[in-house]
Amino acid sequence: MSWLTSPGHLLVCDLDGTLLRSDTSLSDAARDGLNRLVAAGVALTVASARSTAAMRPMLPGVDLRLPVIEHNGAYISDLRTGEHLVTNALDPATAGKAIDLLGDPIVTSWDGSRDRVHFSVDLNPGAGWFIGEKLRYRDPRLTETADLRTVADREQVVMLCSYVPDDDAPGVAAAVQAAVGDGARVWAALNSYSPGWSEVVLQSPLATKGAAILELRQRLDLDGEITVCGDHVNDLPMFAVADRRIAPANAQPEVRATASVVTGTNDDDSVVTYLLDQLAIRRREAGE
1 MSWLTSPGHL LVCDLDGTLL RSDTSLSDAA RDGLNRLVAA GVALTVASAR STAAMRPMLP
61 GVDLRLPVIE HNGAYISDLR TGEHLVTNAL DPATAGKAID LLGDPIVTSW DGSRDRVHFS
121 VDLNPGAGWF IGEKLRYRDP RLTETADLRT VADREQVVML CSYVPDDDAP GVAAAVQAAV
181 GDGARVWAAL NSYSPGWSEV VLQSPLATKG AAILELRQRL DLDGEITVCG DHVNDLPMFA
241 VADRRIAPAN AQPEVRATAS VVTGTNDDDS VVTYLLDQLA IRRREAGE
């Protein structure tokens with residue numbers, strides 16, 4: 001028996017930079033490979049900074065049956081319906097204070113009946129890329145809002161994202177973290193899709209991929225090993241809870257340093273290829 005199909009095992013994969021190619025597409029080979037893993041009995045899901053609205057058009061034909069982790073752990077959700085099974089939102093006061101500090105961030109929220117992505121009309125090139133991508137796949141969450149501060153008073157805010165010039169981003173993140181204290185987790189990260197502009201992201205301390213994996217594992221009544229695949233610093237929290245950590249060669253240095261296995265690049269579908277090879281090797285060894 002392969003470790004992939006051992007009792008209670010859970011496999012969680014990141015999307016961008018890991019399963020997806022650099023143009024954000026999922027190749028036919030990767031799609032078919034993921035379906036082969038699921039058909040073989042692998043308990044497989046994805047954990048992404050993206051929403052279910054973004055995941056669905058990026059995973060056409062993939063037979064994902066388990067709940068997915070969206071927005072870095074802000075939600076555990078049903079991919080098909082978008083229903084949130086778990087929500088980790090910011091405290092309203094913390095969200096309001098951070099919106100004031102960041103100026104005009106992109107505000108991701110739940111209004112009690114639907115998901116929303118609030119944005120102002122005055123967008124810098126980094127934020128313009130973000131909203132432009134959502135417009136291309138007709139994201140129903142997009143909501144132009146004149147006063148973003150009011151969102152914190154009336155909706156559950158799960159993420160704030162501000163696009164800042166690369167050189168300024170670490171300082172902005174540190175200043176915001178100091179201002180909000182333990183009320184939020186703040187970090188800065190380069191965005192390869194918008195060169196020159198980094199993301200400064202603020203979320204609940206409970207909204208991490210690692211915490212969400214442990215919650216999902218409990219809900220699914222799984223008690224075996226955890227294997228994760230990722231490339232970005234937002235994947236480090238799930239690397240911290242995993243027994244096996246797989247990174248593509250294009251992963252950020254901190255991620256590669258923590259990985260158990262480094263494969264080829266995402267553009268070569270190397271993570272899926274590695275997983276299929278492991279499944280085949282174990283089956284041959286077992287004479288299955």
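Position 208 (the sequence shown) corresponds to 208 in our numbering; numbering is contiguous. Backbone N, C-alpha and C define an ideal beta-carbon position, used for all residues, glycine too.
Simplified DSSP assignment, three categories, for residue i
{"i": "His9", "result": "coil"}
{"i": "Ala247", "result": "strand"}
{"i": "Leu64", "result": "coil"}
{"i": "Gln177", "result": "helix"}
{"i": "Tyr75", "result": "strand"}
{"i": "Met159", "result": "strand"}
{"i": "Gln203", "result": "strand"}
{"i": "Val164", "result": "strand"}
{"i": "Val86", "result": "strand"}
{"i": "Val290", "result": "Lying outside 1 to 288, the shown extent of the chain, residue 290 is not represented and no answer is given."}
{"i": "Thr208", "result": "coil"}
{"i": "Tyr193", "result": "coil"}
{"i": "Gln252", "result": "coil"}
{"i": "Pro92", "result": "helix"}
{"i": "Pro105", "result": "coil"}
{"i": "Arg80", "result": "coil"}
{"i": "Val233", "result": "helix"}
{"i": "Arg217", "result": "helix"}
{"i": "Arg50", "result": "coil"}
{"i": "Ala58", "result": "Inspection of the sequence shows that residue 58 is occupied by Met rather than by Ala. Helix at Met58."}
{"i": "Val271", "result": "helix"}
{"i": "Asp222", "result": "The question names Asp, but residue 222 is Leu in the sequence shown. Looking at Leu222 - three-state DSSP - the assignment turns out to be coil, as it is neither helix nor strand."}
{"i": "Asp182", "result": "helix"}
{"i": "Asp277", "result": "helix"}
{"i": "Val241", "result": "coil"}
Own chain partners of residue i with C-beta closer than 6 Å, once the 5 adjacent residues on each side are dropped
{"i": "Pro170", "result": "Ala188"}
{"i": "Leu44", "result": "Leu11, Leu37, Val38"}
{"i": "Lys134", "result": "Leu142"}
{"i": "Thr259", "result": "According to the sequence provided, residue 259 is Ala. The question's Thr does not apply to it. Only Arg245, Ala247 meet the Cβ criterion."}
{"i": "Arg31", "result": "Gly61, Val62"}
{"i": "Gly41", "result": "Thr5"}
{"i": "Gly8", "result": "Leu222, Asp223, Gly224"}
Which residues DSSP lists as bridging residue i, in chain order
{"i": "Phe119", "result": "Glu144"}
{"i": "Ile99", "result": "According to DSSP, Ile99 bridges with nothing at all."}
{"i": "Ala188", "result": "Val200"}
{"i": "Trp110", "result": "Asp115, Gln156"}
{"i": "Glu70", "result": "Tyr75"}
{"i": "Val261", "result": "Ile246"}
7 Å Cβ shell around residue i - same chain, five flanking residues per side excluded
{"i": "Tyr193", "result": "Trp129"}
{"i": "Ala152", "result": "Pro92, Ala95, Gly96, Ile99"}
{"i": "Arg56", "result": "Leu79"}
{"i": "Ala173", "result": "Val186, Trp187, Ala188, Val200"}
{"i": "Thr263", "result": "Ile246, Pro248, Ala249, Ser270, Val271, Tyr274"}
Nonlocal neighbours in the same chain, by C-beta distance under 8 Å from residue i, ignoring five residues either side
{"i": "Asn124", "result": "Tyr163, Trp197"}
{"i": "Gly33", "result": "Asp269, Val272, Thr273, Leu275, Leu276"}
{"i": "Asp243", "result": "Glu225, Ile226, Thr227"}
Inset, instruction - Would you check if the segment 103 to 111 and the segment 167 to 183 touch, i.e. whether three or more CB-CB distances between them fall below 8 Å? - result: no
Legend entry - At least three beta-carbon pairs within less than 8 Å, the segment 226 to 235 to the segment 13 to 23: yes
Legend entry - Meets three-Cβ-pair contact criterion under 8 Å: the segment 89 to 97 and the segment 246 to 260: no
Inset, instruction - Ignoring anything shorter than 3 residues or poking outside the segment 20 to 46, list the beta strand (DSSP E) runs there in chain order. - result: 44 to 46
Inset, instruction - May I ask you to verify whether the segment 171 to 190 touches the segment 199 to 211, counting CB pairs closer than 8 Å and requiring at least 3? - result: yes
Legend entry - the segment 66 to 80 in contact with the segment 209 to 219 per 3-pair CB rule at 8 Å: yes
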